[in-house]
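Residue numbers (this note's numbering): 2 to 208.
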């Protein structure tokens, strides 16, 4: 039964990944990615990592996919399929795919394929529990965990700045990033606005 479940989950992983890459409609590509992530959660269950499987479904197949669908619906990718405007990047994408394939081959070949015929690593109590995962993240993988959190923080701040730049400031009482930078040079926001209003009242300079 476990072997059948494994092959079904592996087929779902491969089919979802291929659908994500090959489907030209962005909405269907996101749905294929959902199938891929749920199939990955099934493989985590086979590895007795229940917490990772639950996090995969709740965080990625749930919250992140809802965000992706919202973005696709917002930019209008449902009715209009993706165009072939990025064909000039095809060579670069093939190069990155080859590099990623080599990296995967090195990782798989270095993981001890000779142990497939054996019984494998023994299962111990507490494997895959939130307590053990948290302990590993805060001890052995602390640097990688902090680097990933810092990267997410940078992405969040950048998204906020880009969104404010596009939409602008609707409320005149709101403070923009440029105003904050100008005020940090020694003046205050009220001084900047006062100088601007005085310059407007004086009119253009006489030549």
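Positions of the beta carbon are idealized from the N, C-alpha and C atoms, including for glycine.
Can you grab the Cα-Cα spacing for the pair residue i / residue j, in whole Å?
| i | j | result |
| --- | --- | --- |
| residue 159 | residue 152 | 11 Å |
| residue 33 | residue 22 | 9 Å |
| residue 102 | residue 110 | 12 Å |
| residue 209 | residue 106 | Residue 209 lies beyond the stretch modelled for the chain, which goes from 2 to 208, so this question has no answer here. |
| residue 73 | residue 18 | 18 Å |
| residue 67 | residue 75 | 12 Å |
| residue 150 | residue 2 | 39 Å |
Beta-carbon within less than 7 Å of residue i's beta-carbon, same chain only, minus the 5 sequence neighbours each way: which residues are those?
| i | result |
| --- | --- |
| residue 7 | 47 |
| residue 45 | 53, 54, 57 |
| residue 41 | 14, 57 |
Given a cut-off of 7 Å on the beta-carbon distance, is the pair residue i and residue j in contact?
| i | j | result |
| --- | --- | --- |
| residue 36 | residue 13 | yes |
| residue 127 | residue 136 | no |
| residue 61 | residue 38 | yes |
| residue 146 | residue 154 | no |
Sorted by chain position, which residues of the same chain lie with C-beta nearer than 6 Å to residue i's C-beta, five sequence neighbours on each side aside?
| i | result |
| --- | --- |
| residue 43 | 10 |
| residue 4 | none |
So, at 8 Å on beta carbons, what are the nonlocal neighbours of residue i in its own chain, with the 5 sequence-adjacent residues on each side left out?
| i | result |
| --- | --- |
| residue 24 | 30, 33 |
I think residue i touches residue j, with their Cβ atoms under 8 Å apart; what is that distance to the nearest whole Å?
| i | j | result |
| --- | --- | --- |
| residue 262 | residue 130 | Residue numbering for the chain in the displayed model covers 2 to 208; residue 262 lies beyond these limits and cannot be assessed. |
Comparing alpha-carbon positions, which option in the options lies nearest residue i?
| i | options | result |
| --- | --- | --- |
| residue 71 | 27, 2, 156, 18 | 27 |
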